[in-house]
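Quick note, the sequence shown lines up with residues 1 to 237 if you use this note's numbering. Backbone N, C-alpha and C define an ideal beta-carbon position, used for all residues, glycine too. Scroll down for the structure; my scribbles are underneath it.
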Amino acid sequence: MKQLSELGEHPGHVWCAALDWESQTVVSGAEDGLLRVWRLEAPARPRRLEGHQADVWALAVDWGARRAVSGGRDGSLLCWDLGRCEPTRRLRGHSKDVLCVAASWARDRVASGSADGSVRLWDVARGTCVAALAGGHDAVWSIGADSSLLRVLGGGRSGRLLLWHLEGRDAGPPEHELAPGSSPVAAVALDAAGQRALSGHWDGSVVLWDLDERRALEALRPTGSGRVECLWVDWAT
């Protein structure tokens with residue numbers, strides 16, 4: 001394995017990124033409050049997206065429609081037109097940092113998790129919050145969702161994994177708690193059907209869950225590993 005290129009215009013930490021291999025495009029968010037859109041064939045000339053007032057913690061991209069949503073330290077979510085590199089909406093409701101997002105672009109819905117301990121569900125076409133989910137986290141660091149945003153799984157510093165099933169519900173507490181609290185949960189991923197999930201923990205473990213049966217199927221604990229901060233899963237294979 002060798003490095004092909006380096007995208008290096010951000011002056012500080014890069015907190016989130018998304019990549020589309022077909023279009024050879026990368027979107028990144030960083031502590032300078034900017035997002036950048038890079039073309040891999042011309043990495044020296046990224047386009048800058050300005051709108052957040054501080055760190056950009058989270059990002060989700062709809063590559064087909066060339067749109068995105070980002071969450072930041074300023075407590076807001078911004079919806080973006082990536083073709084014009086302009087914000088189209090600002091979504092407000094969280095009282096602290098927006099730390100994670102998950103999207104169902106076919107339904108124009110986005111879920112966000114915040115340092116204020118809540119998960120919110122948004123209609124990005126209308127710019128409205130359609131559900132506020134109470135969970136009891138001191139901070140929601142990571143969320144995952146099925147392809148329709150009917151099942152949402154959230155994890156955070158407390159080590160609890162909370163599962164909401166949103167069909168026919170507008171708001172409320174989680175229906176299930178998968179982990180009573182151990183190591184902080186920094187990353188979560190769900191399959192498209194919402195039947196399986198992976199959670200990544202600060203103790204170095206990655207846990208596979210059966211969400212229908214609400215139980216852990218397998219825990220991977222590599223020897224000498226550090227914190228698990230991010231996950232990417234190919235559920236098809």
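- In the three-state reduction of the DSSP assignment, Trp105 falls in the helix class.
- Under DSSP, Trp122 shares a beta bridge with Val110, Cys129.
- Gly83 and Arg66 have their alpha carbons spaced roughly 6 Å apart.
- Shown here for Ser147: same chain residues with a beta carbon closer than 7 Å to its own, the five before and five after excluded, namely Ser104, Ala192 in chain order.
- In this chain, the beta strand (DSSP E) harbouring Val14 covers 14-20.
- Taking a 10 Å sphere around the C-beta of Trp57, we find 16 or more other C-beta atoms and assign the residue as buried.
- Out of Arg107, Ser95, Ser158, Leu190, the CA that lies nearest to the CA of Pro184 is found in Ser158.
- Closest in alpha carbon position to Asp212, among Cys230, Trp164, His201, is Trp164.
- Of the other Cβ atoms in all chains shown, fewer than 16 fall within 10 Å of the Cβ of Cys230; this residue is therefore exposed.
- As computed with DSSP, Ala197 is found in a beta bridge with Leu190, Trp209.
- By the beta-carbon neighbour count (other beta carbons within 10 angstroms, threshold 16), Trp209 is buried.
- Collapsing the DSSP output to three states places Ser70 in a strand.
- Boundaries of the beta strand (DSSP E) around Gly29: 25-30.
- Residues Val206 of the same chain have their beta carbon placed closer than 6 Å to that of Leu220, with the five preceding and five following residues left out of the count.
- For Pro87, the enclosing beta strand (DSSP E) covers residues 86-92.
- Leu149 and Gly33 have their C-alpha atoms spaced approximately 27 Å apart.
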